[in-house]
Structures are given as structure tokens and as C-alpha cells.
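First comes the structure, then the notes that go with it.
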Amino acid sequence: MKQVQRKIIHCDCDCFYASVEMRDDPRLRELPLAIGGQADQRGVVATCNYAARKFGVRSAMPTSQALKRCPDLVIMRPNMEKYRAASRQILAIYRDYTDLVEPLSLDEAYLDVSNTDRLQGSATRIAQEIRQRIAADVGITVSAGVAPNKFLAKIASDWNKPDGLYVILPEQVEQFVIKLEVARLFGVGKVTANKLHQLGIRTCEDLLTWSLPDLLQQFGKLGGSLFSLCRGIDERAVVPSHDRKSVSIEETYTHDLIDFQHCIAELPVLYASLEKQVERTGTANLIHKLNIKIRFNDFKQTTVECRANQLDQQVFADLLQIGYQRRQLPVRLIGLGIGLSEKKTDEQLALF
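The sequence shown runs 21 to 372 under this note's numbering.
Structure, rendered in C-alpha cells:
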């Protein structure tokens with residue numbers, strides 16, 4: 021029986037949060053716009069439009085630095101409920117074409133359309149129509165990549181951004197991949213890229229000269245992935261849903277909390293916020309750990325966790341005290357979270 025040729029689409033909304041805001045207020049389209057926190061509150065840029073990117077503004081950049089690069093930058097606080105609503109509209113459009121939709125975030129997803137009959141089964145035409153529908157119905161632009169696997173589809177979606185479409189046909193894979201820089205390979209971060217460069221490996225063509233045993237020796241498990249990816253091979257399936265592993269909230273403070281008493285005074289507000297998140301996600305019966313994260317004013321971070329099967333503010337207070345005692349410095353961030361089990365838990369768990 022002939023194996024079905026896989027057809028994967030990767031869709032990525034262009035500067036999603038900013039696009040939604042520009043949709044709702046067209047006056048923002050010509051202005052450099054960033055969505056994120058305020059500079060005087062140690063905010064960072066969550067995303068920005070292309071007008072801002074021309075000034076060198078980027079996601080995850082401190083807002084204060086972004087304003088130095090672009091003094092006229094318009095900064096708006098995120099409106100997550102509005103973005104989630106737009107994301108739900110977009111996911112509904114994807115699911116008109118296939119049940120195999122794997123959301124990666126609010127603005128990004130993989131679709132496996134290998135077995136769909138829509139538009140004569142043409143992944144390219146499906147991607148085109150999806151982009152047209154999102155533009156018409158949601159009012160924002162989406163870039164898409166079409167390829168025989170997830171790795172190539174994701175790279176393709178970035179090829180003609182913004183508002184672009186790029187297709188890699190099966191017979192084009194070898195020539196496309198051979199020219200790719202190794203820094204673009206899945207799983208390769210800055211540290212690994214630097215190591216590859218030091219070994220004289222800059223493109224996939226360079227990687228092809230390395231044997232699997234040598235790559236495994238140099239990079240461990242990642243070496244096996246590099247061996248496959250430089251040949252355009254990626255067997256990962258599109259998984260329609262991922263089980264949630266955790267729920268958490270955190271707060272970065274405008275002014276450092278100078279001692280433990282100031283930290284503990286913030287706990288009721290943080291706890292109430294976590295309660296709302298747990299209720300919204302319906303995960304109260306799946307709790308098997310509680311954890312707390314503290315970032316001190318020297319940017320060092322510590323985490324403390326314990327086993328538990330329900331929310332308990334006093335337990336978080338105990339964890340906070342343990343974590344604070346490790347450095348006893350002013351605190352700039354506190355986070356509370358829960359770890360989730362796969363099945364509902366009824367047994368009482370030990371505390372520490």
C-alpha cells in the first residue's frame with residue numbers, strides 16, 4: 021500500500037497582539053507600536069509591529085531599551101482576553117480543514133492536511149484560503165509555510181513574512197535544506213550554534229559531512245536530530261492537543277520588596293490570581309505539586325516546590341519563606357504555580 025505523502029502547514033500570525041490592536045484602531049497602523057509593560061515598571065516588549073522593528077525594537081526587549089531605539093514608540097498593555105477571542109476564531113477556521121491542528125500558542129499552529137479532501141487535497145490552496153479567510157473574518161494577516169514535515173513548514177512560514185506564503189515541495193527538500201544555516205535548525209540555540217561554528221559547521225551542507233556517531237559524540241541526543249534535520253527528515257506528528265503540565269502566575273514589582281515581610285504581604289493578591297487561573301483552566305482536581313519562584317534584585321532566581329493535591333495559601337507562605345531565606349535580598353518577582361498530574365488525584369500527598 022502506497023504511503024500517503026505528508027502535507028503540513030505551519031501558520032503564524034504576523035505580530036499577533038499588535039495586529040489585533042491595529043485592527044481595532046487603524047490609526048495605529050502607521051505608528052511604531054509595541055505591546056508590553058511600561059518602562060517605569062520594568063516592562064518588556066511582548067511583540068511589536070513592523071514599523072517598530074525598523075528601529076530595532078524586538079520581542080523580549082526591555083521597554084526602556086525599546087524607547088531608546090524608538091522614542092516615539094507607542095506602548096500598549098496586553099489585552100489577553102481580546103487576543104484569546106481572536107485566537108479562538110482562527111482555530112475554528114483551521115478546524116474547518118482538518119482535525120489535526122496542533123496549537124503552539126495563541127498565534128501559531130501546525131495543520132496536517134495529508135488526508136483532507138478540501139480543495140482537491142491541495143495543501144497550497146488550503147493555506148491560501150485559510151489566509152484569505154483569517155484576513156476577512158478576523159482582520160489580521162497570517163504567514164504560512166507548506167512542506168512535507170513540521171520542521172520545514174515552520175521555516176517556510178517565516179520565509180516571506182509578513183503576510184506571505186512559501187511552499188516546499190517534496191522534490192525541492194534536498195536543495196532547500198542544503199543551503200540552510202545550522203542556526204535555523206530545530207533545537208539549535210545560541211550555545212549550540214556557536215559550538216557548531218567552532219567546528220566549522222555553518223550550513224546543513226557542512227553537517228552532511230559528519231557521521232551519526234560523530235554527531236552523537238559531540239552533541240549527545242541532539243546529534244541524532246541534527247543528522248536527520250540536515251537531510252530534511254522530521255517524523256514528528258502533528259498532535260491535536262497537549263496535556264497541560266502546569267498553571268502559574270507571576271508578578272514583577274515596580275519597586276523591589278525590601279524584606280520578607282513585604283514579600284508575604286503580597287501573597288494574598290498572588291494567591292487570589294492563581295485561584296482564578298486554576299478555576300479558569302479547570303485543573304483543581306489535577307494538582308500534585310505547589311511551587312513558588314522568587315527572583316531577587318541581583319537577577320538570581322530560586323524555586324521551591326512540594327507535593328500537595330490542593331491549593332493552600334499557608335503552604336505557599338512556607339515555600340516563600342524557604343525560598344527567601346536562601347538569599348535574603350530584595351525581591352523583584354514572585355511567582356506561584358501548580359504542577360499537574362495526568363489523572364485526578366484523591367489520595368492525600370505528603371507535604372515536603
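Glycine is no exception: its CB is placed at the ideal position from the N, C-alpha and C atoms.
query                                                                                                                      : result
Y130 in three-state terms, based on DSSP                                                                                   : strand
As assigned by DSSP and simplified to three states, the class of M81                                                       : coil
Where the beta strand (DSSP E) through Q321 begins and ends                                                                : 321-327
Three-pair Cβ contact test at 8 Å for the region 34-53 versus the region 154-171                                           : yes
Beta-carbon contacts of A147 that lie in its chain and below 7 Å, excluding the five residues immediately before and after : I29, A164, V166, L185
For D127 and R151, the rounded distance between their alpha carbons                                                        : 13 Å
C-beta contact flag for F319 and R347 at 7 Å                                                                               : no
Exposure label - M100; buried when at least 16 CB within 10 Å                                                              : exposed
Straight-line gap, R73 to P98 (C-alpha atoms, nearest Å)                                                                   : 18 Å
Local Cβ density within 10 Å of N311, reported as buried at 16 or more and exposed below that                              : buried
Endpoints, beta strand (DSSP E) assigned at G359                                                                           : 351-360
Within 7 Å, strictly: CB atoms of Y114 and V40                                                                             : no
Residues bridged to E270 (per DSSP)                                                                                        : G355
Helix, strand or coil at N99 according to DSSP, with G and I counted as helix                                              : coil
Nearest candidate by alpha-carbon position, reference E270, set Q297, K199, F239                                           : Q297
Residue interval of the alpha helix (DSSP H) (run including R300)                                                          : 280-301
Cβ pair L353, T272 closer than 7 Å                                                                                         : yes
Integer-rounded CB distance, given that H308 should sit under 8 Å from L356                                                : Not really, about 15 Å apart at Cβ, beyond 8 Å.
Cutoff 6 Å; reference M71; Cβ partners in own chain excluding five residues on either side                                 : The sequence as given places Ala at residue 71; Met does not occur at that position. Excluding residues within five positions, the ones whose Cβ falls inside 6 Å are P52.
Touch test, the region 177-195 against the region 41-48, Cβ-Cβ under 8 Å, three pairs minimum                              : no
Best match in A337, Q140, I358, R138 for proximity to F280 [C-alpha to C-alpha]                                            : A337
First and last residue of the uninterrupted alpha helix (DSSP H) at R73                                                    : 70-73
Distance CB(V351)-CB(C283) smaller than 7 Å                                                                                : yes
Unbroken stretches of the beta strand (DSSP E), 3 residues or longer, contained in the region 129-204                      : 162-167, 185-187
For I95 and V289, the rounded distance between their alpha carbons                                                         : 26 Å
Burial state of R26 (16 or more Cβ within 10 Å)                                                                            : buried
6 Å Cβ shell around G63 - same chain, five flanking residues per side excluded                                             : G56, G57, T83
Unbroken alpha helix (DSSP H) run spanning I342, endpoints                                                                 : 333-345
Beta-carbon proximity of G207 to L242, cut-off 7 Å                                                                         : yes
Burial state of V121, where buried means 16 or more other Cβ atoms lie within 10 Å                                         : buried
Three-state class that DSSP yields for E41 in the structure shown                                                          : helix
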